[in-house]
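Okay, structure first, notes after.
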Amino acid sequence: MSHLPKSKKALVIIPTYNEREVIGKMIDALCDNIFKKINGWECHLLIVDDTSPDKTYEVVRLKQKRYNNLHLYLNETKLGIGNAYVQGFKYGINKLKADVLIEIDGDFQHPPESIIDLLKEIDRGADYVMGSRKIKGGTIPKGWGFKRIFFSQVGGFVARFIMFFPFKSFLQVTDPTTGLKASRVKGFVDQMNMDNLYSLKFGYKIEFLFQMVTLGAKVKEIPLKFQLRQIGESKIDTNTALDVFRTAINLRFRNPMVKNFS
1 MSHLPKSKKA LVIIPTYNER EVIGKMIDAL CDNIFKKING WECHLLIVDD TSPDKTYEVV
61 RLKQKRYNNL HLYLNETKLG IGNAYVQGFK YGINKLKADV LIEIDGDFQH PPESIIDLLK
121 EIDRGADYVM GSRKIKGGTI PKGWGFKRIF FSQVGGFVAR FIMFFPFKSF LQVTDPTTGL
181 KASRVKGFVD QMNMDNLYSL KFGYKIEFLF QMVTLGAKVK EIPLKFQLRQ IGESKIDTNT
241 ALDVFRTAIN LRFRNPMVKN FS
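If you read the sequence shown in the numbering used here, its first letter stands for residue 1, the second for the next number, and so on.
As structure tokens, this is what we get:
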């Protein structure tokens, strides 16, 4: 009796808050198109919604009738993007037994087809794959204002410098605040401390990165052609930058895992 090889399981996690007008299109793009192009992986999609006033979750529930690999996690209150991903990661590990967890925006700022490239690098041996706007082939939108460009370029560099200089990770990671990432679970995410984060807001991005690096993850960057939001406005503001810088300082000077750097 022959046995077919067991497919690896990938969970794509999208946090939402007032994304009713666009989330249905993203769900269709992934479940109807992108997932079908990925060989060797059983792909699932989890929407983590903070009980959006526009009832984004109602769109997701309607789509669940069509896609059996679509999941919904509903938070009772809005606690931040970091909390949404923590809940999503725990769902992926405990309920779906996922091998890889993928972070991506739900408003098409990250091209959905990027997921294919993330998983290709995981298949090639990477443990942590990041989409970078700053390496060859990566771009930022022409329509970005000065504040958004400043935060991405200068803010990202400062956070990277605080956390990693003069260690090799300072050169390996060019875009620490990217929201497009794939993380290997076994030996890495399942070893992370997600219950006592310095930030449950935007700073979670660099905290997850920091923990993966200290755990010895093999990091790989792929080009990210970042897009403008199709609908709505960016949620990034001055408080976002302050949260990232505060988190970076705490990680570098208060976290005992720094001793693991080389």
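Backbone N, C-alpha and C fix where the C-beta goes; we use that ideal spot for every residue, glycine too.
Taking a contact to require three or more Cβ pairs closer than 8 angstroms, the region 121-135 and the region 48-56 do not qualify as touching.
Partner residues in the beta bridge of His71, as assigned by DSSP, are Leu46. Setting aside the 5 residues that flank it on each side, Lys90 has no residue in the same chain whose C-beta is closer than 6 angstroms to its C-beta.
In the assembly as shown, Glu121 is a buried residue. Its beta-carbon has 16 or more other beta-carbons within 10 Å.
Taking 8 angstroms as the cut-off, the Cβ atoms of Glu113 and Lys181 do not count as close. Here DSSP, grouped into helix, strand and coil, assigns Tyr198 to coil. In the same chain as Gln172, and ignoring 5 residues on each side of it, the C-beta atoms closer than 7 angstroms to its own belong to Val219, in chain order.
Contact between Leu70 and Leu45 holds, with the beta-carbon distance rounding to 5 angstroms and staying under 8 angstroms. Comparing alpha-carbon positions, the option among Arg61, Gln109, Ile13, Ser7 lying closest to Gly24 turns out to be Arg61. Runs of the alpha helix (DSSP H) spanning 4 or more residues and lying entirely within the region 49-120 occur at 56-64, 81-94, in chain order. A check of alpha carbon separations from Cys43 across Asn75, Lys63, Ile13, Lys65 identifies Ile13 as the nearest. Pairwise C-beta distances place the region 148-158 out of contact with the region 185-197, as fewer than three of them are shorter than 8 angstroms. Membership of Lys205 in the alpha helix (DSSP H) is indicated by the continuous run 204-214. By the beta-carbon neighbour count (other beta carbons within 10 angstroms, threshold 16), Asp105 is buried.
Distance from the CA atom of Asn68 to the CA atom of Asp107, rounded to whole angstroms, is 22 angstroms. Contact check for Asp127 against Ala217 passes: the beta carbons are separated by less than 8 angstroms. Setting aside the 5 residues that flank it on each side, Lys97 is surrounded in the same chain by Lys9, each with a C-beta closer than 7 angstroms to its C-beta; the list follows chain order. Exclusion of the five residues before and after Lys186 leaves Asp99 as the residues of its chain whose Cβ lies within less than 8 angstroms of its Cβ. If you compare the alpha carbons of Phe150, Phe188, Phe151 with that of Phe208, the shortest gap goes to Phe188. Every alpha helix (DSSP H) of 4 residues or more that sits fully in the region 121-184 is shown, in chain order, as 146-150, 156-164, 169-172.
Residue state for Leu224 is assigned as coil, using DSSP reduced to three classes. Distance between Gln211 and Thr77, taken at the CA atoms: about 27 angstroms. The Cβ atoms of Ala159 and Phe245 sit closer than 8 angstroms to each other. Counting only residues of its own chain and dropping the five nearest sequence neighbours on each side, Thr139 has a CB closer than 7 angstroms to the CB of Arg133, Lys225, Phe226.
For Leu11, the enclosing beta strand (DSSP E) covers residues 8-16. Thr16 sits away from Ile38, with the two beta carbons spaced by 8 angstroms or more.
Partner residues in a beta bridge of Val244, as assigned by DSSP, do not exist.
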